[in-house]
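Here's the structure we're looking at; comments come further down.
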Amino acid sequence: MSIKINRYKCGYCGACVGVCPGGALELVETWVEVNDCCTSCGLCAKICPVGAIEVNK
Amino acid sequence: MKEMYDLIVVGGGPGGAIAAKNAAELGLDVLLIEKRQEVGDPVRCAEGVSKICLSDHIEPDPRWICADLTGSRIYSPDGTMVEMSEEMSGGEVGYVLERKVFDRALVDQCARAGAEVRVKTRATGLIMEKGVVCGIYAMHLGEEYEIHSKIVIGADGMESKVGRWAGIDTSLKPADMETCVQYLVTDIDIDPQFCDFYLGNEIAPAGYLWVFPKGENMANIGVGILGSKSGDHRAIDYLDKFMRDVYPEGRIIEMVYGGVPVSGPIEKTVSDGLILVGDAARQSDPITGGGIINAMEAGKIAAEVAADAIKKGDYTTDTLNEYETLWRSTIGKEIEYSLVVKETFIKSTDKDLNHLAQSLSNVNFYSLSLKDLLYALFKANKKLLWDLRGLFRDVVNNNFEFKYKKNQFD
Numbered sequence: 001m002s003i004k005i006n007r008y009k010c011g012y013c014g015a016c017v018g019v020c021p022g023g024a025l026e027l028v029e030t031w032v033e034v035n036d037c038c039t040s041c042g043l044c045a046k047i048c049p050v051g052a053i054e055v056n057k
Numbered sequence: 001m002k003e004m005y006d007l008i009v010v011g012g013g014p015g016g017a018i019a020a021k022n023a024a025e026l027g028l029d030v031l032l033i034e035k036r037q038e039v040g041d042p043v044r045c046a047e048g049v050s051k052i053c054l055s056d057h058i059e060p061d062p063r064w065i066c067a068d069l070t071g072s073r074i075y076s077p078d079g080t081m082v083e084m085s086e087e088m089s090g091g092e093v094g095y096v097l098e099r100k101v102f103d104r105a106l107v108d109q110c111a112r113a114g115a116e117v118r119v120k121t122r123a124t125g126l127i128m129e130k131g132v133v134c135g136i137y138a139m140h141l142g143e144e145y146e147i148h149s150k151i152v153i154g155a156d157g158m159e160s161k162v163g164r165w166a167g168i169d170t171s172l173k174p175a176d177m178e179t180c181v182q183y184l185v186t187d188i189d190i191d192p193q194f195c196d197f198y199l200g201n202e203i204a205p206a207g208y209l210w211v212f213p214k215g216e217n218m219a220n221i222g223v224g225i226l227g228s229k230s231g232d233h234r235a236i237d238y239l240d241k242f243m244r245d246v247y248p249e250g251r252i253i254e255m256v257y258g259g260v261p262v263s264g265p266i267e268k269t270v271s272d273g274l275i276l277v278g279d280a281a282r283q284s285d286p287i288t289g290g291g292i293i294n295a296m297e298a299g300k301i302a303a304e305v306a307a308d309a310i311k312k313g314d315y316t317t318d319t320l321n322e323y324e325t326l327w328r329s330t331i332g333k334e335i336e337y338s339l340v341v342k343e344t345f346i347k348s349t350d351k352d353l354n355h356l357a358q359s360l361s362n363v364n365f366y367s368l369s370l371k372d373l374l375y376a377l378f379k380a381n382k383k384l385l386w387d388l389r390g391l392f393r394d395v396v397n398n399n400f401e402f403k404y405k406k407n408q409f410d
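So the protein sequences, as listed, match chains A and B. If you're matching positions, the first sequence starts at 1 in the UniProt record's numbering and goes up one per residue. If you're matching positions, the second sequence starts at 1 in the UniProt record's numbering and goes up one per residue.
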């Protein structure tokens, strides 16, 4: 996993899941999970309405 | 939970609930699963909905209606206001809902119609046999289940996985999504019967800011910006600025985040044994972002097509394509129109928007039909709206039926 989700900021809206091209993210009840398909493309961090995601490139 | 159903519906929002309810009423053995432990919570919606079509699906109930709207006002970047009243839109404008109560009422309806409902139950994959969807893998309280069905309806929202699992690419580009933040604000001076929209690249780049009343002195105030414009400044920054500038006295009693698909229709919404409905099928309106009515209309069509398919014993894409045809020729048409409008809108500069609003400032709206309004708008702004000429022509020639006109903005 190469993104970091600040769960204190995240409002589990799932916008990041909708733009993830590889399907690496999943909105489970009230948290977002990341799997190994993540390529650190950064779209999730861009779309997040509150800036809860950081990408480690 | 049994091991086999006629139909499994994934997602307990308006699209899924209406699909499950109609399918149960048509005699199917239905399971509806919802991953959250509470239906309708957390809310990811501005809660505005038009009255047209709503009562086809559920009897309006004061328990989930917070405000009955009589009109809307649109503010251009320089503050020019365009007001559209109930009289003008040819009838009723809309409601502001309490989604937590509304969504539960819809699921209540579907449970009473005979569908089995499971909350805190999440689909984790599709059971596929030779490329045909024939059930789901689900997780409930940490236990994994295999549940078979003849057809699966994916109504799993903006963050949908069901389509992807079946090989339908539903991923959105940032430019295909509005990223939104909303506060429920109380103790403010607002008109409880009007919804307000604020436009402008300083306020909401390629999106809009809304103030939807939720009763006396209370409103949903939110902003959506196009994902491609999000970065250094995010939706929350635009909203905080507006709150400081316009409602510094407001008290925030709820925060809502969300993403709204504005891509327009995706290439396909069915595959063997599978139908996608609502935000999962990207059926939200690209200009307003409204999705509730479209999802409910699509859910009803999906249920009817599923019931026919099950009667025939044929769940292949060929049979389920009837759904594709039906939704694209009804709600799909309006989505296509909105997409054309959106493409022009997101290219508009503040100057363009001001010009459009000013061209309407001398028009007496109370005496005009929507058709006349659009005609006047186009006549005064031919150059700006040239890309939309086909749409205006259709409207003026009455080719565009307003049967599905919803004027919704949830």
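Even for Gly, the Cβ is constructed at its ideal location relative to N, Cα and C.
- Secondary structure at residue 356 of chain B: helix, using DSSP grouped into helix, strand and coil.
- Per the DSSP secondary-structure output, residue 31 of chain B pairs in a beta bridge with B:8, B:116.
- Counting only runs of 3+ residues, the beta strand (DSSP E) found wholly inside the UniProt domain "4Fe-4S ferredoxin-type" (1-30) of chain A occupies 3-5, 25-28, in chain order.
- The count of Cβ pairs closer than 8 angstroms, one atom from the segment 37-52 of chain A and one from the segment 2-17 of chain A, reaches three, so the stretches are in contact.
- Straight through space, the alpha carbons of residue 344 of chain B and residue 387 of chain B are spaced by roughly 7 angstroms.
- One Cα belongs to residue 65 of chain B, the other to residue 220 of chain B, and the distance between them is close to 14 angstroms.
- Assigned with DSSP and collapsed to three states, residue 243 of chain B falls in helix.
- Between residue 158 of chain B and chain A, the shortest Cβ-Cβ separation is below 7 angstroms.
- Just so you know, the alpha carbons of residue 21 of chain B and residue 107 of chain B end up roughly 8 angstroms apart.
- Secondary structure of residue 46 of chain A (DSSP, three-state): helix.
- Nearest C-alpha to residue 227 of chain B among B:94, B:295, B:346: B:346.
- Not flagged as an interface residue toward chain B: residue 55 of chain A, since no C-beta distance is shorter than 7 angstroms.
- Separation of residue 348 of chain B and residue 71 of chain B (C-alpha to C-alpha, rounded to the nearest whole angstrom) is 24 angstroms.
- In the structure shown, the three-state DSSP call for residue 57 of chain B is helix.
- With a cutoff of 7 angstroms on beta-carbon distance, residue 37 of chain A and residue 51 of chain A are scored as not near each other.
- The C-alpha of residue 169 of chain B is placed about 7 angstroms away from the C-alpha of residue 163 of chain B.
- Nearest in C-alpha terms to residue 94 of chain B, of all of B:50, B:78, B:338, is B:50.
- Restricting attention to B:256, B:249, B:250, B:246, the CA atom closest to the CA of residue 236 of chain B is found in B:256.
- For residue 86 of chain B, there is no enclosing beta strand (DSSP E), since its DSSP letter is neither H nor E.
- Taking 9 angstroms as the cut-off between beta carbons, the residues of the segment 254-278 of chain B near chain A are 255, 256, 257, 258, 259, 260, 261, in sequence order.
- Per DSSP, the unbroken alpha helix (DSSP H) holding residue 337 of chain B starts and ends at 331-347.
- Judged by beta-carbon spacing, residue 335 of chain B lies within the 7 angstroms limit of residue 265 of chain B, meaning their Cβ atoms are closer than that value.
- Around the beta carbon of residue 149 of chain B, a 10 Å sphere encloses 16 or more other beta carbons of the protein chains shown; the residue is thus reported as buried.
- Around the beta carbon of residue 60 of chain B, fewer than 16 other beta carbons lie within 10 angstroms, which makes this residue exposed.
- Against chain A, a Cβ distance below 9 angstroms from residue 74 of chain B picks out nothing, because the smallest value is about 23 angstroms.
- Any Cβ of chain A closer than 7 angstroms to the Cβ of residue 174 of chain B would place that residue at the interface, and such an atom is present.
- A direct Cα-to-Cα measurement between residue 28 of chain A and residue 355 of chain B gives close to 46 angstroms.
- The beta-carbon of residue 33 of chain A is placed no less than 7 angstroms from the nearest beta-carbon of chain B.
- Its chain contains 99, 100, 256 as the residues whose beta carbon lies nearer than 7 angstroms to that of residue 43 of chain B, once the 5 sequence neighbours on both sides are disregarded; these appear in chain order.
- Residue 3 of chain A is outside the set of residues whose beta carbon lies under 7 angstroms from a beta carbon in chain B.
- Nearest neighbour of residue 145 of chain B by Cα position, chosen from B:322, B:153, B:121, turns out to be B:121.
- For residue 58 of chain B, no Cβ of chain A is located within less than 7 angstroms of the residue's own Cβ.
- Residue 172 of chain B and residue 321 of chain B have their C-alpha atoms roughly 23 angstroms apart.
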